[in-house]
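The opening residue of the sequence shown carries number 0 in numbering that gives the first Met the number 0; numbering runs sequentially from there. Where is the CB? At the ideal position from N, CA and C, for every residue including glycine. Remember, predicted model here, so these are calculated numbers, not experimental data. Before any comments, here is the structure.
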Amino acid sequence: MAEDVKTTRLELIETRQKIKLAQNGHKLLKQKRDVLVLEFFKIMKEAKDLRNDLNNSMKSAFNALAVAQAYHGILEVENISNEVNRAPDVEVESKNVMGVQIPSIKGEYVSKKLSERGYGIQESSAKIDEAAESFEKSLEIIIKLAETENALKRLIKEIEKTKRRVNALDYIMIPKLNATAKYIVLRLEEMEREQFISLKTIKAKLEQESH
């Protein structure tokens, strides 16, 4: 440290300014980390609820499909499903959470009206409609679950990155700056003492020479 640090008052002022900036940055990063952690647990709960919803929804959907197949026959249900004329569309946008881009996934033409499904009403029945509606509901949950799980991955990555930066300030940068400031203060005090002793010596010599 002795070779690298300028032991001047200007250097001490600049080092103390760096300490203040580092402490402010540390505070902001901790706030960011805390907000991200809260958002992570909030979305994690949503994801857990969605998984349960999806499990129940898929059970209902396959039960409805089994009823439709029993009523119409497997081949007829397959033929009707092939008449669906438009697959769902997915639109991906994003929202900003403390600098993290979180995906927002929206499905279009997922839940359809009876007239929008494409199969003929005459050839089908309410049992087909119930099965179709059940799977559409499941698909809506799948889209939402994909959004939440993607958000969780991005959040955990940013949380880890922020934690590393907080730790670097906590255990490396701020202690190093504090040590530098302390070293400069000690050296300046030492230099002042040396200067004082030197001045006293010169004064004593001058007084001795004057007698």
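If I follow the unbroken alpha helix (DSSP H) through D243, where does it start and stop?
The question about residue 243 has no answer, for the chain in this structure spans 0 to 210.
Using the C-alpha atoms, what's the distance from K175 back to L11?
Taking the sequence shown and counting its residues from 1, one reaches residue 11 at position 12. Taking the sequence shown and counting its residues from 1, one reaches residue 175 at position 176. If you take the alpha carbons of L11 and K175, they lie about 13 Å apart.
Please name the residue, chosen from I158, V83, K105 and P87, that lies closest to S93 on a Cα-to-Cα basis.
What you label residue 93 is simply residue 94 of the sequence shown in a count that begins at 1. Comparing Cα-Cα distances from S93 to each of I158, V83, K105 and P87, the minimum goes to K105.
Evaluate the contact criterion for the segment 153 to 161 versus the segment 25 to 45: three or more CB pairs, one atom per stretch, below 8 Å.
Touching, yes.
Whole angstroms are fine: how far does the CA of P87 sit from the CA of I79?
As a working note, residue 79 is residue 80 in the sequence shown. As a working note, residue 87 is residue 88 in the sequence shown. Those two C-alpha atoms are separated by around 17 Å.
Could you give the C-beta distance for L53 and I141, rounded to a whole number, given that I count them as a contact under 8 Å?
Translated into the one-based positions of the sequence shown, residue 53 becomes position 54. Translated into the one-based positions of the sequence shown, residue 141 becomes position 142. With 8 Å as the limit, L53 and I141 qualify as a contact, their Cβ atoms being about 6 Å apart.
My understanding is that L187 touches T6, with C-beta atoms under 8 Å, so please give their C-beta distance in whole angstroms.
Translated into positions along the sequence shown, residue 187 becomes position 188. Translated into positions along the sequence shown, residue 6 becomes position 7. Rounded, the Cβ-Cβ distance is 6 Å, consistent with contact.
Below 8 Å, how does it come out for the segment 165 to 173 and the segment 8 to 27: are there three or more Cβ pairs, yes or no?
Yes, since at least three Cβ pairs between the segment 165 to 173 and the segment 8 to 27 fall closer than 8 Å, the two stretches touch.
Grab the span of the alpha helix (DSSP H) containing G24 for me, first residue to last.
Along the sequence shown, one-based indexing puts residue 24 at 25. That run of the alpha helix (DSSP H) goes R8 to H71.
Kindly give me the distance between the Cβ atoms of V4 and T147, rounded to whole angstroms, as I take these residues to be in contact under 8 Å.
For the purposes of this step, residue 4 is taken as the residue at position 5 of the sequence shown. For the purposes of this step, residue 147 is taken as the residue at position 148 of the sequence shown. The pair is not a contact, with the Cβ atoms about 50 Å apart (cut-off 8 Å).
Would you call the segment 121 to 132 and the segment 58 to 70 touching, i.e. three or more CB-CB distances under 8 Å?
In short, these stretches touch, since the Cβ pair count reaches three.
CA-CA distance, K162 and V96?
Translated into the one-based positions of the sequence shown, residue 162 becomes position 163. Translated into the one-based positions of the sequence shown, residue 96 becomes position 97. Those two C-alpha atoms are separated by around 16 Å.
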